[in-house]
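Engineer:
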Amino acid sequence: MKSPHLKRSFRPLVGLATVAAVLAGCAEDAPQDTFKPKGPNARTIDDLQRPLFYVAGVVGLIVFAAVGYSLLRFKDRGQEMPEQTHGKTWLEVLLTVIPALILVGVGIPTVAAVFDLDDQSNECVINVTGQQWWWEYDYSGTCGGVEITAPIVTSGELVIPAGTPVLLRITSRDVIHSYWIPALNGKRDAVPGRLHTLRLEADEPGIYTGQCTEFCGLSHARMRQAAVALSVADFQTWVDNQLEPYADNAPAVGTLAAEGEATFISQCSRCHQVNELLTADGTPVLAEPDLYVVSGSAPNLTNLMTRTAIAGWTFDLLTERCREQLWNAPPDEFGSLYLQGVWMNTAAGAAKPVCFDEATLRDWLRDPGALKPMYADPLNLDSTGGRTRGMPNLHLTEAQIDQLIAFLLERN
Ligand SMILES: [Cu+2]
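Residues are numbered in our numbering as their position in the sequence shown, beginning at 1, plus a constant of 299.
So this is what it looks like as structure tokens:
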């Protein structure tokens, strides 16, 4: 505190730096920018928020100017106390009527927009469940004219047909989460025991990212999500891929992937379902995550490699370069790249996919808690009846990880 002048002279600098940082944030390509709607619901919100933002901005500037003027003009310079008065009816009426009119002007379009957004009409219904700390999606029925002949359960990445109003039915299994894809609509809380609806529609194929916006515990910051919009034809292909019979892609006897299948059954399948997986003697392998995980659920891994990120959509399955390529693809090229996924840019017959970020998946399998804190620590299991909150460290050997990766790559 020796040099208050120096400190004071820093203030404008700090202020300038803050403004510069905020402006830089606006200029930069920000995928979760609420001012860049990419679908009709988000546009309804944008059409409302922009004029309000401007009006509120002008009111804010007037208030700041008035306060600033009063501070400087009437600064205490030892002058006489001015005459004290009370009440000025015309001014009080005026200052009541003007804000009331502004509020009515804001209220009417706001209520109209709320009703507009509540429109439930849709061409597809998808169930969404919040989990600590990832989102589960399950599909059935018809979606954008595409018939979904068997249930599809996936995680993190919501795949929808573009140009189609999709109704999400959102709930939670554990605590309150909140679903938010800023480019497609506002936020909706996911509350245990309740169903909340949210309508998403994307104008064009592309990837639209978001994140959980209700603090939901330790790894809330690692609970992200994305909506991937595909043309209806590409969406049909995606559905066909998800429902491809296990036998069509089953690892051949004697391969590394076949060893991976056995390791998967012994190490992973108590928590993770892979649809139609059978033991060596032909018994169906059914996951029982309710016995091992507090929330009673773990991601379905049937077609893991068709996703682009895992574990709350936080860790990439695609290498950075390929992710950039996918995210920046024009709408008419996006779908085919997305459907190739980790196999993008890979020559036919190549043993390993070029775009696969293998190191990240290996890190995850080696010690998931090191990447994403989840209270999976075995020391804390007394209070939860032996169940972990996330995926525990299974102390796999590198050889087992090799097998599992081969198995998971085969299954897509
Ligand atoms: Cu959450």
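Every residue gets a Cβ at the ideal spot worked out from N, C-alpha and C, and that includes glycine.
By Cβ distance, which residues of its chain are closer than 8 Å to residue 564, with the 5 residues on each side in sequence left out?
Structural biologist: Once the five neighbours on either side are set aside, the close Cβ partners of residue 564 are 576, 578, 584.
Engineer: Here's the rule: buried if 16 or more other CB atoms are within 10 angstroms of the residue's CB, otherwise exposed. What is residue 410?
Structural biologist: Its Cβ having fewer than 16 others within 10 Å, residue 410 is exposed.
Engineer: Under the assumption that residue 703 contacts residue 559 (Cβ atoms under 8 Å), give the Cβ distance between them as a whole number of angstroms.
Structural biologist: Yes, they are in contact, since the Cβ atoms of residue 703 and residue 559 sit about 5 Å apart, within 8 Å.
Engineer: Measure from the alpha carbon of residue 526 to the alpha carbon of each residue in 477, 401, 499, then state which is nearest.
Structural biologist: Nearest of 477, 401, 499 to residue 526, Cα basis: 499.
Engineer: Excluding the 5 residues preceding and the 5 following residue 642 in the sequence, name in chain order all residues of the same chain whose CB lies nearer than 6 Å to its CB.
Structural biologist: Once the five neighbours on either side are set aside, the close Cβ partners of residue 642 are 652.
Engineer: Mapping the DSSP letters down to three states, classify residue 392 as helix, strand or coil.
Structural biologist: Helix, per DSSP.
Engineer: If you measure from each residue's Cβ to the nearest non-hydrogen atom of ligand 1, which ones come out under 5 Å, in chain order?
Structural biologist: In chain order, the hits are 476, 511, 515, 522.
Engineer: Helix, strand or coil: how does DSSP classify residue 478 here?
Structural biologist: Here residue 478 sits in strand by DSSP.
Engineer: Taking only three categories from DSSP, how would you classify residue 635?
Structural biologist: Three-state DSSP puts residue 635 in a helix.
Engineer: Give a yes or no on contact between the stretch 480-489 and the stretch 628-646, applying the rule of three or more CB pairs nearer than 8 Å.
Structural biologist: With the cut-off at 8 Å, the stretch 480-489 and the stretch 628-646 do not touch.
Engineer: Mapping the DSSP letters down to three states, classify residue 503 as helix, strand or coil.
Structural biologist: If DSSP states are grouped into helix, strand and coil, residue 503 belongs with coil.
Engineer: Considering only C-alpha positions, which residue in the set 667, 428, 441 is nearest to residue 453?
Structural biologist: Looking at the Cα atoms, 428 is the closest of the given residues.
Engineer: Per DSSP, which residues does residue 497 bridge with? Please list them.
Structural biologist: Partner(s): 467.
Engineer: Is the distance from the Cβ of residue 608 to the Cβ of residue 570 below 7 Å?
Structural biologist: Going by C-beta atoms, residue 608 is not nearer than 7 Å to residue 570.
Engineer: Could you round the C-beta distance between residue 640 and residue 605 to whole angstroms and report it? I think they count as a contact, below 8 Å.
Structural biologist: That belief holds up - the Cβ atoms of residue 640 and residue 605 are roughly 6 Å apart, short of 8 Å.
Engineer: Apart from the five residues on each side of it in sequence, which residues of its chain come closer than 6 Å, Cβ to Cβ, to residue 345?
Structural biologist: So the qualifying residues of the chain are 336.
Engineer: With a threshold of 6 Å on Cβ separation, who are the neighbours of residue 258 within its own chain once the five nearest residues in sequence on each side are excluded?
Structural biologist: No information on residue 258 is available, as it lies outside the stretch 300 to 711 that the chain covers here.
Engineer: Over what stretch of residues does the beta strand (DSSP E) that includes residue 429 continue unbroken?
Structural biologist: Residue 429 -> beta strand (DSSP E) spans 424-430.
Engineer: Given residue 556, which residues of its chain have a CB within under 6 Å of its CB, disregarding the five upstream and five downstream residues?
Structural biologist: Here the set comprises 550, 705, 706, 709.
Engineer: Would you list the residues sitting across from residue 486 in a DSSP beta bridge?
Structural biologist: Per DSSP, 479.
Engineer: According to DSSP, is residue 702 helix, strand or coil?
Structural biologist: In this structure, residue 702 counts as helix in the three-state DSSP scheme.
Engineer: For the alpha helix (DSSP H) holding residue 369, just list the boundary residues, first then last.
Structural biologist: Taken as a continuous stretch (DSSP letters only), the alpha helix (DSSP H) holding residue 369 covers 339-372.
Engineer: What does DSSP give as the partner residues of residue 687 in its beta bridges?
Structural biologist: According to DSSP, residue 687 bridges with 592.
Engineer: Could you check what DSSP says for residue 305 in three-state terms: helix, strand or coil?
Structural biologist: With a pLDDT of 49 at residue 305, under the threshold of 50, the predicted position of this residue should be treated as unreliable, though the coordinate-derived value follows. Three-state DSSP puts residue 305 in a helix.
Engineer: Provide the residue span of the beta strand (DSSP E) that contains residue 606, from first to last.
Structural biologist: That residue, residue 606, is in no beta strand (DSSP E); it is neither H nor E in DSSP.
Engineer: In three-state terms, what does DSSP make of residue 383?
Structural biologist: Reduced to three states, the DSSP call for residue 383 is coil.
Engineer: Applying the 10 Å Cβ sphere with the 16-neighbour rule, what's the burial state of residue 444?
Structural biologist: Exposed: under 16 other Cβ atoms inside 10 Å.
Engineer: Just the C-alpha distance for residue 440 and residue 425, rounded to the nearest angstrom, thanks.
Structural biologist: Taking the straight line from one Cα to the other gives about 9 Å.
Engineer: Quick check on the burial criterion: 16 or more other C-beta atoms within 10 angstroms. Buried or exposed for residue 631?
Structural biologist: The residue is exposed, with fewer than 16 neighbouring Cβ atoms inside 10 Å.
Engineer: Does residue 406 come out as helix, strand or coil in the three-state DSSP assignment?
Structural biologist: Reduced to three states, the DSSP call for residue 406 is helix.
Engineer: Looking at the strands, I want to know which residues DSSP matches up with residue 547.
Structural biologist: Residue 547 pairs with nothing; no bridge assigned.
Engineer: Let me know if residue 446 comes out buried or exposed under the rule of 16 or more other beta-carbons within 10 Å of its beta-carbon.
Structural biologist: It is exposed - the Cβ of residue 446 has fewer than 16 other Cβ atoms within 10 Å.
Engineer: Could you give the C-beta distance for residue 568 and residue 672, rounded to a whole number, given that I count them as a contact under 8 Å?
Structural biologist: At roughly 25 Å, the Cβ-Cβ gap does not stay under 8 Å, so residue 568 and residue 672 are not in contact.
Engineer: Identify every run of the beta strand (DSSP E) within the stretch 509-537, keeping only runs that are complete inside it and at least 3 residues long; order them along the chain.
Structural biologist: List check, beta strand (DSSP E) in window: 523-529.
Engineer: Report back the beta-carbon spacing between residue 472 and residue 369 to the nearest angstrom; my notes put them in contact at under 8 Å.
Structural biologist: At roughly 54 Å, the Cβ-Cβ gap does not stay under 8 Å, so residue 472 and residue 369 are not in contact.
Engineer: Please report the residue range of the beta strand (DSSP E) in which residue 446 lies.
Structural biologist: 445-454 is the extent of the beta strand (DSSP E) around residue 446.
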